[in-house]
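The block underneath contains the structure these notes are about, expressed in C-alpha cells.
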Amino acid sequence: MKMDIHVLPTSEQRMRILIVDSCAYTFLGTSSFLADYPHITLQQAASPEQALPMLRGAFFDVVLVNLTHHCRCSGPFPSLADFFLLCGPARVYIYLDAPYPTSTAPIPLSGRVALMNKHGLTALLPMLTAPCQPGGFITYTNNGYLFTRQELAVIVLWIDHQKTNHQIAQQLGICGRTVYVHKRHATQKLAVRNRLEFCSLYPMLKYVIFPPAYRRLTDNPLLAYLDYDLVP
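Using this note's numbering, read the sequence shown as starting at -7 and increasing by one per residue.
Spelled out as C-alpha cells, the structure:
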C-alpha cells in the first residue's frame, strides 16, 4: 500500500514533539539526539494523565508515549480515551519496554497511532528529523484501522467476555475454524507470540483499535454486525 509523504517546506518549519515517559534517561537521550535539530521542540510529561493539560493547551506534531505500565495492569484506563482524543491529528507512537511486540517497525493501529517496542525509538528518531516524513501509517482496512469488523467482534468475545471458540462461533454465526483464524491473525498483526502477550496489550489497546463511534463494541460485540458502515 502506498504511503503519502509530507515534505517540510523550509528549514524554519517547526516541529513539536511530546514524549510521555517517567524515565528521565529516555527523555535525556531523546533530547540529546534532537539537540542538533533546532526546528524541533521537545516537551515531556511523566504520564498520560499529566500530559492532558499540555495537549489541551498546545498542538503537537508527534507524541511518543510509554504505556508499559498500562500493559502490566488490568485497567480500565478512562484517561487514555481522553489522551488519544486530545492528541488530535498528531502521529502517536506507543512504545513498550517489553519483549513484545517483536516487529522491528511500528505497527499501525490506526491512521495516526502505531505500536512499537521501546528499542525501536533508536530507529524512529532519525526518521522524525528527515526532510521527508511519512504523512500517515500504512493501514490494513478501508477506514484505517488494523482489525476488521469481524476480527474486532471475535477479540471482544475472546478477551472481554472469556468466550470459547464454540461460543464465539455460535454468537457471531460463523464456524469455529474462522474464529481460530481470526485469533491467529490478531496475534500476528500485533507481532505477539501468544495469548498472554495479546491479553497484556488489550487493556491499553482497546482505547485505540476501535473507531471512536464504535467504542461500545466492548459491551455488545454484535454491534459489529449491526453497524456495517463503521468497520469494513
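Cβ coordinates follow ideal geometry from the N, Cα and C atoms, glycine included. Owing to the predicted nature of the structure, the values given are computational and were not obtained by experimental measurement.
Distance from the CA atom of V148 to the CA atom of L107, rounded to whole angstroms, is 19 Å. Taking C-alpha positions only, P45 is separated from K155 by approximately 39 Å. Taking a cut-off of 8 Å on C-beta distances, the region 50 to 61 does not touch the region 171 to 184, as fewer than three cross pairs fall below it.
In this structure, the straight-line span from the alpha carbon of L78 to that of T33 is close to 19 Å.
The DSSP-derived three-state label of R176 is helix. Around the beta carbon of P118, fewer than 16 other beta carbons sit within 10 angstroms, so the residue counts as exposed. Taking R6 as reference, the option from H31, S14, T96 and A115 with the minimal CA-CA separation is H31. Sequence-distant partners of G136 (beyond 5 residues in either direction) whose C-beta falls short of 6 Å from its own C-beta, in its chain, are S102 and G103. Between T114 and Y29, the gap from beta carbon to beta carbon reaches 9 Å or more.
Under the DSSP assignment, L117 falls in the alpha helix (DSSP H) whose first and last residues are L113 to T121. For Q35, the enclosing beta strand (DSSP E) begins and ends at I32 to A37. Beyond the five residues adjoining it in sequence on each side, E143 comes within less than 8 Å, by CB distance, of H174, H177 and A178 in the same chain, given in chain order. Excluding sequence positions up to five before and after D89, its CB lies within less than 6 Å of the CB of T60 and K110, all in the same chain and listed in chain order. Taken atom to atom, the span from the alpha-carbon of P195 to that of C65 is near 8 Å. With contacts defined by Cβ atoms closer than 9 Å, N157 and V171 form a contacting pair. Each residue's CA atom was taken as its position, placing T18 and V84 some 17 Å apart. DSSP places V146 inside the alpha helix (DSSP H), whose first and last residues are R141 to I147. Contact annotation: I11 and Q35 have beta-carbon atoms nearer than 9 Å. In this structure, L164 places its C-beta atom within 9 Å of the C-beta atom of A145. Distances from the CA of F25 to each of I9, A161 and P40 were compared; the closest alpha carbon is that of I9.
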